[in-house]
Amino acid sequence: MAMYRKLGKATKPRRALLRNQVTALLYNGKIVTTEARAKEIKKIVEPMITLAAKEKDNYETLTVDCKVPEKDKDGKRVKEVVDGKKVTKFTTVKKEIKKDMPSRMHARRQLLKTLYPVVEVPTEKAGRKKNTKEVDLVAKLFDEYGPKYADRKGGYTRMIKIGQRKGDAAMMVVLELV
Numbered sequence: 001m002a003m004y005r006k007l008g009k010a011t012k013p014r015r016a017l018l019r020n021q022v023t024a025l026l027y028n029g030k031i032v033t034t035e036a037r038a039k040e041i042k043k044i045v046e047p048m049i050t051l052a053a054k055e056k057d058n059y060e061t062l063t064v065d066c067k068v069p070e071k072d073k074d075g076k077r078v079k080e081v082v083d084g085k086k087v088t089k090f091t092t093v094k095k096e097i098k099k100d101m102p103s104r105m106h107a108r109r110q111l112l113k114t115l116y117p118v119v120e121v122p123t124e125k126a127g128r129k130k131n132t133k134e135v136d137l138v139a140k141l142f143d144e145y146g147p148k149y150a151d152r153k154g155g156y157t158r159m160i161k162i163g164q165r166k167g168d169a170a171m172m173v174v175l176e177l178v
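FYI, in UniProt numbering the residues of the sequence shown are 1 to 178.
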């Protein structure tokens, strides 16, 4: 008996499909897919959320000094002349950062093995690279899903059957985080 479903695909396309759908599920909170795919995605997502719930508070907060460029009213950097060259003027600001403990860093890297990078594009300027930002899904797992599911002992996802697909009559489900 097989340990997992092959989903009618070779190894690399199957892994890419599952990684893509796991990323979409964690980013959006719900996806619509076939029942067989949903069962495989569930096997991947549940241990990820468990790991995030275990490591949610395993960090230390540090205060560091950062150099931040000064900006004028238009948002452009303020320049000053030093030794005949124009250089940006910086100010020092104190900033608090989270430093992961070793086990949380290991968990972060384990989660990054599975997740694809997600880029958020604003709707009003679709198709442009400007103002796009990369979403940190691992931070979302630790900061949002970890505390949310900390008291649960598993069962973080729910499958709701929505009927058969018209083309091939595959059972379609909505897979969502509880």
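Where is the CB? At the ideal position from N, CA and C, for every residue including glycine.
C-alpha gap between residue i and residue j, whole angstroms
{"i": "MET1", "j": "LEU7", "result": "Any answer about MET1 is weak, because its pLDDT of 44 lies below 50 and its placement is not dependable; what the coordinates show is given next. In a straight line, the C-alpha of MET1 is about 15 Å away from that of LEU7."}
{"i": "LYS99", "j": "LYS161", "result": "42 Å"}
{"i": "LYS133", "j": "THR123", "result": "13 Å"}
{"i": "LYS43", "j": "LYS94", "result": "43 Å"}
{"i": "VAL45", "j": "LYS140", "result": "14 Å"}
{"i": "ARG5", "j": "SER103", "result": "31 Å"}
{"i": "ALA169", "j": "ASN20", "result": "23 Å"}
{"i": "PHE142", "j": "GLU80", "result": "42 Å"}
{"i": "CYS66", "j": "ILE97", "result": "11 Å"}
{"i": "LYS130", "j": "LYS76", "result": "16 Å"}
{"i": "GLY155", "j": "VAL64", "result": "40 Å"}
Terminal residues of the beta strand (DSSP E) in which residue i lies
{"i": "LEU177", "result": "171-177"}
{"i": "GLU124", "result": "Counting along the chain, GLU124 falls outside any beta strand (DSSP E), and DSSP gives it neither H nor E."}
Buried/exposed call for residue i, threshold 16 Cβ in 10 Å
{"i": "residue 180", "result": "Residue 180 falls outside the range modelled here, since the chain spans only 1 to 178, and no answer is possible."}
{"i": "MET48", "result": "buried"}
{"i": "TYR149", "result": "buried"}
{"i": "LYS166", "result": "exposed"}
{"i": "residue 202", "result": "A query on residue 202 cannot be resolved here, the shown segment of the chain reaching from 1 to 178 and no further."}
{"i": "LYS86", "result": "exposed"}
{"i": "LEU26", "result": "buried"}
{"i": "THR33", "result": "buried"}
{"i": "ILE31", "result": "buried"}
{"i": "ARG15", "result": "exposed"}
Start-to-end residues for the alpha helix (DSSP H) that takes in residue i
{"i": "THR157", "result": "Run containing THR157: none in the alpha helix (DSSP H); it sits in the beta strand (DSSP E), 157-164."}
{"i": "THR114", "result": "102-114"}
{"i": "VAL138", "result": "137-140"}
Proximity below 9 Å, CB of residue i to CB of residue j
{"i": "PHE90", "j": "GLU70", "result": "yes"}
{"i": "LEU177", "j": "VAL138", "result": "no"}
{"i": "VAL173", "j": "GLU40", "result": "no"}
{"i": "residue 235", "j": "LYS153", "result": "Any property of residue 235 remains undetermined from this structure, which presents the chain solely from 1 to 178."}
{"i": "THR23", "j": "TYR145", "result": "no"}
| request: Quick one: which unbroken alpha helix (DSSP H) runs of 4-plus residues sit fully inside the segment 1-88? Chain order, please. | output: 11-28 and 35-54
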